[in-house]
Amino acid sequence: MATQKTAVITGATSGLGEAAALSLAKEGYRVLVVGRDAERGADVVRRARAAGGEAEFLAADLFSLADVKRLGNEIAARAPRLDLLVNNAGGSFGERALTKDGFERTFALNVAAPYALVEALIEPLAAAKGRVVNIVTGVPSGARATLDELVGAKSKGGMGSYIRAKLALLTLTRSWQKRLGARGVTFVALHPGIIPGTRFGSHTPAWLRSIMEGIARLFRLASSVDVAAGRYLRVATGPVEGGGFYYEGTLRAPPKQADDEAFASDLRAALTRA
Ligand SMILES: NC(=O)c1ccc[n+]([C@@H]2O[C@H](COP(=O)([O-])OP(=O)(O)OC[C@H]3O[C@@H](n4cnc5c(N)ncnc54)[C@H](OP(=O)(O)O)[C@@H]3O)[C@@H](O)[C@H]2O)c1
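Residues 10 to 283 (our numbering) make up the sequence shown, in order.
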């Protein structure tokens, strides 16, 4: 009998993470549901079990690096062989605010937390020759970011900051692949598409959100949560190219800066210091 595979999904208590957790449970995975709302976590676990999978909720506040490191230890204890880690939790914030680790929230959630979690789980991932799917966004090919904008005096909230943070995560994805690909771990980045109806952008005023969602629907730029969950499943379990940037599920050349070794190395240094 084949051994059951284990997947971890962060931010699986709502939106795309929740839908992806339920799809993986249906596929027979044991799913470790990571989130900060225990009630919603318990509900996802109940539905994952009802769908025929095995699931467990692990609480963590990904704004706190101490909590991410504790979470990493808890996962490693439960899954010495980890087949899949989906760094899904992410978001954009209107106002600039720093976490207690000194990072702007956008960078803390979209970059620092995935970085610390991957670093804590390298051995379990290598043991299973596992895969890491980092959820990014439709980072434009000419996107650029400086370290000062990400972690320095120029860091701020807002959509520009969100895109720069996702560019940083894409850069780490490619850098991890170069460093750890030889150990059998595969790293990919996925832009799920524009998906109205999740809690994403809840910091944006409701009227502006509904205009943006209306435009996305009108120009047929939007996809449904179910379509996005299908993209997660394909990129998480199907054949992929190591280090690949999957734009709405299709392989695309990443922005040039994602392959800038000096930028990747500065980024790692800033993250390692934290
Ligand atoms: N929806 C889109 O159009 C779209 C487009 C491109 C990329 N994405 C990306 O897709 C991913 C999922 O987004 P979504 O649309 O499903 O948004 P969502 O509904 O807001 O889901 C985000 C998840 O992250 C969790 N989270 C946020 N802050 C956290 C923290 N400090 N600690 C622990 N968990 C935390 C949330 O938990 P709570 O429920 O407790 O807040 C939630 O479960 C994100 O990375 C996003 O950037 C989304």
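Beta carbons: idealized from backbone N, C-alpha and C, even for Gly.
- Item | Where the beta strand (DSSP E) containing R261 begins and where it ends | Counting along the chain, the beta strand (DSSP E) containing R261 begins and ends at T259 to R261.
- Task: Measure the Cβ-Cβ separation of L280 and Y124 and say whether it is below 8 Å.
- Result: It is a contact, given that the beta carbons lie within the stated cut-off.
- Kindly say whether L280, judged by its beta-carbon, lies nearer than 8 Å to any beta-carbon of chain B. Looking for chain B here will not work: only one protein chain is present.
- Helix, strand or coil at E250 [DSSP, three-state]: In this structure, E250 counts as coil in the three-state DSSP scheme.
- Message: Quick check: what's the CA-CA separation for P263 versus S150?
- Response: When rounded, the distance between both Cα atoms is 6 Å.
- Within its chain, find whatever has a CB closer than 8 Å to the CB of E36; leave out the 5 residues flanking it on each side and keep chain order. Correct list, in chain order: G62, L242 and T246.
- What are the start and end residues of the beta strand (DSSP E) that includes V148? Neither: V148 is in no beta strand (DSSP E) and is coded neither H nor E.
- Whole-angstrom distance between F272 and K187, CA atom to CA atom: Near 15 Å, if we compare the C-alpha coordinates of F272 and K187.
- Message: In chain order, what are the residue ranges of uninterrupted alpha helix (DSSP H) at least 4 long that sit wholly in the stretch 18-56?
- Response: Runs of the alpha helix (DSSP H) lying entirely within the stretch 18-56 and spanning at least 4 residues, in chain order: 24-35.
- Please classify I84: does DSSP put it in a helix, a strand, or coil? Note: I84 maps to helix in three-state DSSP.
- Query: Is G167 near ligand 1, with its Cβ less than 7 Å from a heavy atom?
  - Reply: G167: no, Cβ never under 7 Å from ligand 1.
- Message: Are there any heavy atoms of ligand 1 lying less than 7 Å away from the beta-carbon of I144, as far as the coordinates show?
- Response: For I144, the distance from the CB to the nearest heavy atom of ligand 1 is below 7 Å.
- Item | Sheet register partners of L189 (DSSP bridge) | None, per the DSSP bridge assignment.
- Would DSSP call I203 helix, strand or coil? DSSP, read as helix, strand or coil, puts I203 in strand.
- Message: With the cut-off set at 8 Å, would you say A283 and D46 are in Cβ contact?
- Response: Taking 8 Å as the Cβ cut-off, A283 and D46 do not qualify as a contacting pair.
- Under three-state DSSP, which class holds L230? The answer is coil: DSSP assigns L230 none of H, G, I, E or B.
- Leaving out the 5 sequence neighbours to the left and right, which residues in its chain are closer than 6 Å to V17 when beta-carbon positions are compared? Contacts found: L41, I84 and L94.
- ligand 1 heavy atom lying under 7 Å from the CB of R79: Because no heavy atom of ligand 1 lies under 7 Å away, the Cβ of R79 does not count as near it: no.
- Query: By how many angstroms is the C-alpha of R208 removed from the C-alpha of A162?
  - Reply: If you take the alpha carbons of A162 and R208, they lie about 29 Å apart.
- Query: For F116, is the classification buried or exposed, using 16 other Cβ atoms within 10 angstroms of its Cβ as the cut-off for buried?
  - Reply: Burial of F116 is indicated by the presence of at least 16 other C-beta atoms within 10 angstroms of its C-beta.
- Item | Residue interval of the alpha helix (DSSP H) (run including L280) | Per DSSP, L280 belongs to the alpha helix (DSSP H) from E270 to R282.
- Item | Residue environment, F66, which counts as buried when at least 16 other CB atoms sit within 10 Å | Burial check for F66: the Cβ neighbour count within 10 Å reaches 16 or more, so the residue is buried.
- Can you tell which of G223, E27 and S32 has its C-alpha closest to the C-alpha of I203? It is G223 whose Cα lies nearest to the Cα of I203.
- Go through its chain and collect everything with a Cβ distance to A51's Cβ below 8 Å, but skip five positions before and after it. Excluding residues within five positions, the ones whose Cβ falls inside 8 Å are F66.
- With respect to 7 Å, is the separation between the Cβ of T207 and the closest non-hydrogen atom of ligand 1 below this value? Yes, the beta carbon of T207 sits closer than 7 Å to at least one heavy atom of ligand 1.
- Message: Considering only heavy atoms of ligand 1, does any lie closer than 7 Å to the CB of T22?
- Response: Yes - ligand 1 has a heavy atom lying nearer than 7 Å to the Cβ of T22.
- Item | Spatial distance of A278 from A225 (CA atoms) | The alpha-carbon of A278 is positioned some 38 Å away from that of A225.
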